[in-house]
Amino acid sequence: MTKDISIIVAASLITLTGLTGCQRTTQQDIKADKKSQANSNASPMILNIAKATKNNEAYRHARWTGSNLQMVLMTLKPGEIIDLEMHNHIDQLIRIEEGEARILAGKTKDDFTIDKEVSEGWAALIPGGYWHKVENIGERNLKIYTLYSPPEHLKETLHKTYDEAAKHHHDH
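This is the structure we're talking about:
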């Protein structure tokens, strides 16, 4: 019950902003596609988010996308990372459900004001405009979920591996 309340509170903390993406060098049609998908009628979803996160085996799986919020489940193998990135107008919550991570964040990609090792139960709130990176520093898989506001990935994005995600992910 406490975890459910924490999740609701955490999701409420994310500021709902206009729909724009990361810094991009890719086509405008990707932005238009994300916007049209995000504005499609999403259905409510009720789930045990801890269980769903721990059961996820994909590197990245966009499980739910609404107009202003997106939930993405991720599994990073030992040594894998979420590459250094910055979302101009997207706030992000990263919650660790299982494993150990190092989270770096800062206003510039060369000066991290946050460098923290975290484990199960920890969360990071990253406002738009901050560079950040997540590393799996443990010996087992890192299981996390991320809430983006507004959505960052195309609806129902599924990348089974880091390599697959790297091929399809946008430039930062």
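Going by the numbering used here, the first residue of the sequence shown is number 308, and it counts up by one from there.
All C-beta atoms, glycine included, are put in the ideal place defined by N, C-alpha and C.
Do residue i and residue j have their C-beta atoms closer together than 9 Å?
i    : j    : result
L461 : L400 : no
I451 : G386 : no
H368 : T464 : yes
H439 : M381 : no
N362 : P457 : no
I366 : E459 : The question names Ile, but residue 366 in the sequence shown is Tyr. No, Cβ-Cβ distance for Y366 and E459 is not below 9 Å.
I390 : A473 : Before going on, a small fix: residue 390 reads as Asp here, not Ile. Contact: yes.
I388 : V441 : yes
G436 : N395 : yes
If we count the other Cβ atoms within 10 Å of its Cβ and call it buried at 16 or more, is residue i buried or exposed?
i    : result
I421 : exposed
R447 : exposed
E364 : exposed
D398 : buried
N355 : exposed
E404 : buried
H466 : buried
G373 : buried
M378 : buried
K414 : exposed
How would you write the range of the beta strand (DSSP E) that residue i sits in, first residue to last?
i    : result
H475 : Segment Y469 to H475 is the alpha helix (DSSP H) holding H475; no beta strand (DSSP E) there.
S426 : I421 to S426
A431 : A430 to I433
I444 : That residue, I444, is in no beta strand (DSSP E); it is neither H nor E in DSSP.
A412 : E407 to G413
A369 : R367 to T372
I397 : Taken as a continuous stretch (DSSP letters only), I397 belongs to no beta strand (DSSP E), as it is neither H nor E.
L380 : Q377 to L383
Over the uninterrupted alpha helix (DSSP H) stretch that includes residue i, give me the two end residues.
i    : result
I353 : Segment: none, I353 is in no alpha helix (DSSP H) and carries neither H nor E.
Assuming residue i and residue j are in contact, meaning their beta carbons sit under 8 Å apart, how far apart are those beta carbons, in whole angstroms?
i    : j    : result
K409 : I444 : It should be pointed out that residue 409 corresponds to Arg in this sequence rather than to Lys. With 8 Å as the limit, R409 and I444 qualify as a contact, their Cβ atoms being about 5 Å apart.
R402 : A430 : 4 Å
A480 : W371 : What the structure shows of the chain is the stretch from 308 to 479, and residue 480 is not part of that stretch, so it cannot be assessed.
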